[in-house]
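Under full-length UniProt numbering, the first residue of the sequence shown is numbered 1, with each subsequent residue one higher.
Think of the CB as a built atom: it goes at the ideal place given N, C-alpha and C, for glycine as much as any other residue.
Here is the structure we will look at, set down as C-alpha cells.
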Amino acid sequence: MTQKYLNLRQRRWLELLKDYELVIDYHPGKANVVADALSRKLLFTLRALNTNLAMSNDGSILAEFRAKPVFFEEICEAQKDDNELQAKRVQCESGIESDFWIGSDGCLMFRDRICVPKNDELIRKILQEAHSSSLSIHPGSTKMYNDLKKLYWWVGMKREISEFVSRCLICQQVKAEHQVPSGLLQPVLVLEWKWDRVTMDFVTGLPLTLKKKDAIWVVIDKLTKSAHFIPIRMDYSLDKLAELYISEIVRLYGVPLSIISDRDPRFTSRFWKKLQEALGTKLSFSTAFHP
C-alpha cells in the first residue's frame with residue numbers, strides 16, 4: 001500500500017480496496033502452513049504408486065510409498081532410441097565414473113534426475129503437463145525450470161522451457177504490462193490550404209547518379225498530393241539537409257504548419273527540432289514500425 005509507482009493491475013485493486021476498512025497483514029508463505037496445499041500444489045499426477053510393507057520388531061506394519069512421474073515408463077522406453085544416452089549407458093555399464101548412473105528399473109539417470117531423450121513430442125508433453133495441465137497454474141519460465149529440474153534433465157532444458165512459456169497465448173494475454181502505456185493516436189487535422197501540412201521521407205538504396213546522388217528526399221503536400229523530389233546523398237549532414245529544405249520547399253511553398261514523418265534519426269535530432277521550432281512548424285511522427 002506504500003508502493004510509490006503502481007502498474008495498471010495494482011491500481012485497479014487499490015481502487016477496489018480503498019472502499020473497505022481493512023488491515024493488510026503480511027504473512028510469509030513458508031509460515032502459512034494452512035494454505036500450503038493450495039499455493040504449493042504438485043505439478044504432476046501420480047500414475048504409479050509402489051507400496052512396500054514391512055513388519056517391524058514390535059509387530060507394527062510400516063508402509064513406504066514411492067511416487068513416479070507420469071512419463072517415467074515412456075521416457076525409459078524412448079531412451080533406447082537416443083544414441084547419446086545409449087553412449088552414456090555404455091559408460092555406466094563399463095564402470096566409468098560420471099554423474100550418470102542406471103536406476104533399479106533400468107532407466108538412465110543424471111544424478112537424481114531422469115534423463116529425457118531428444119524427442120520433441122515427449123518433451124512437449126512434459127512441458128504441457130508442467131505448464132498448462134489441470135494441476136498447473138501457468139508458471140513463468142524461471143519457476144517452471146526450477147520445478148522441472150528436480151525431476152528431469154536434458155540438454156538445452158532451460159532454453160526450451162523459456163521458449164515454450166514465451167509461446168503460451170494465455171500467459172501473453174494476462175501478463176502485467178511493464179512499460180509506459182502508449183499514447184493515443186492523433187487524427188490528422190482537416191486541411192485548409194495547400195502545402196500547409198506535408199509528409200516527408202527518404203527513398204534510399206538507389207544506384208549512384210553522375211552527380212554522386214544515391215537517394216531522394218520526397219516531400220508531399222497532404223491536400224493536393226503533389227510531390228517534390230530532392231536528390232540527395234545519404235551522407236549529407238543536417239546542415240546540408242536544412243539548406244536544401246529552405247531552398248527547395250520553404251522558398252517555393254512557404255513554411256508548412258506541420259510536418260509528418262517517420263522516426264528517422266535526422267527528423268528526431270535536436271537540430272531539426274530546433275529548426276522547425278524557429279520556423280513555427282509542428283513536428284508529428286508516425287508510430288514505430290507502422291510507416
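> What whole-angstrom Cβ distance do residue 258 and residue 281 have, given they're in contact under 8 Å?
Replying inline: Indexing the sequence shown from 1 puts residue 258 at position 258. Indexing the sequence shown from 1 puts residue 281 at position 281. Contact check for residue 258 and residue 281: beta-carbon distance about 6 Å, within the 8 Å limit, so the pair qualifies.
>> For residue 202, report the span of its beta strand (DSSP E) as first-last.
In response: For this step, residue 202 is matched to residue 202 along the sequence shown. Residue 202 -> beta strand (DSSP E) spans 197–203.
>> For the structure I just gave you, are there three or more beta carbon pairs, one from the segment 128–138 and one from the segment 73–88, closer than 8 Å?
In response: Taking 8 Å as the limit for Cβ pairs, the verdict is that the segment 73–88 does not touch the segment 128–138.
> DSSP on residue 267, reduced to helix/strand/coil?
Replying inline: As a first step, residue 267 is located in the sequence shown; it is residue number 267 there, counting from the start. DSSP places residue 267 in the helix class (H, G or I) of the three-state scheme.
> Mind checking residue 276: buried by the 16 CB within 10 Å criterion, or exposed?
Replying inline: Your numbering for residue 276 matches position 276 in the sequence shown. With 16 or more other Cβ atoms within 10 Å, it is buried.
> beta strand (DSSP E) containing residue 217: first to last residue?
Replying inline: For the purposes of this step, residue 217 is taken as the residue at position 217 of the sequence shown. First-last of the beta strand (DSSP E) with residue 217: 215–221.
>> Taking a contact to mean a Cβ-Cβ separation below 7 Å, would you say residue 213 touches residue 197 in this structure?
In response: Along the sequence shown, one-based indexing puts residue 213 at 213. Along the sequence shown, one-based indexing puts residue 197 at 197. Contact: no.
> Which residue from 80, 121, 119 puts its Cα closest to that of residue 102?
Replying inline: In the sequence shown, the residue the question calls residue 102 occupies position 102. Answer by Cα proximity: 80.
> Between the beta-carbon of residue 117 and the beta-carbon of residue 78, is there less than 7 Å?
Replying inline: Residue 117 sits at position 117 when you count from the first residue of the sequence shown. Residue 78 sits at position 78 when you count from the first residue of the sequence shown. In contact: residue 117 and residue 78 (Cβ atoms closer than 7 Å).
>> Since residue 161 and residue 144 should fall inside the 8 Å C-beta cutoff, what is the C-beta to C-beta distance between them, to a whole number of angstroms?
In response: Position 161 of the sequence shown, counting from 1, holds the residue named residue 161. Position 144 of the sequence shown, counting from 1, holds the residue named residue 144. Yes, residue 161 and residue 144 are in contact; Cβ-Cβ is about 5 Å, under 8 Å.
> Are the beta-carbon atoms belonging to residue 195 and residue 221 less than 7 Å from one another?
Replying inline: Position 195 of the sequence shown, counted from the start, is the residue given in the question as residue 195. Position 221 of the sequence shown, counted from the start, is the residue given in the question as residue 221. In contact: residue 195 and residue 221 (Cβ atoms closer than 7 Å).
> What runs of the beta strand (DSSP E), each 3 residues or longer, lie entirely inside the segment 66–117?
Replying inline: The qualifying runs are 100–102, 108–110, 113–115.
> Can you name the residues that DSSP bridges to residue 282?
Replying inline: To locate residue 282, count along the sequence shown from 1; it is residue 282. BP columns for residue 282 point to 258.
> Whose C-alpha, out of 223, 180, 158, 175, is nearest the C-alpha of residue 189?
Replying inline: Within the sequence shown, residue 189 is the residue found at index 189, counting from 1. Minimum Cα distance to residue 189 is reached at 223.
> Which same chain residues, not among the five before or five after residue 123, have their C-beta less than 8 Å away from its C-beta?
Replying inline: As a working mapping, residue 123 is identified with position 123 in the sequence shown. Only residues of its own chain outside the window of five on either side were considered, and among them 116, 154, 160 have a CB closer than 8 Å to the CB of residue 123, listed in chain order.
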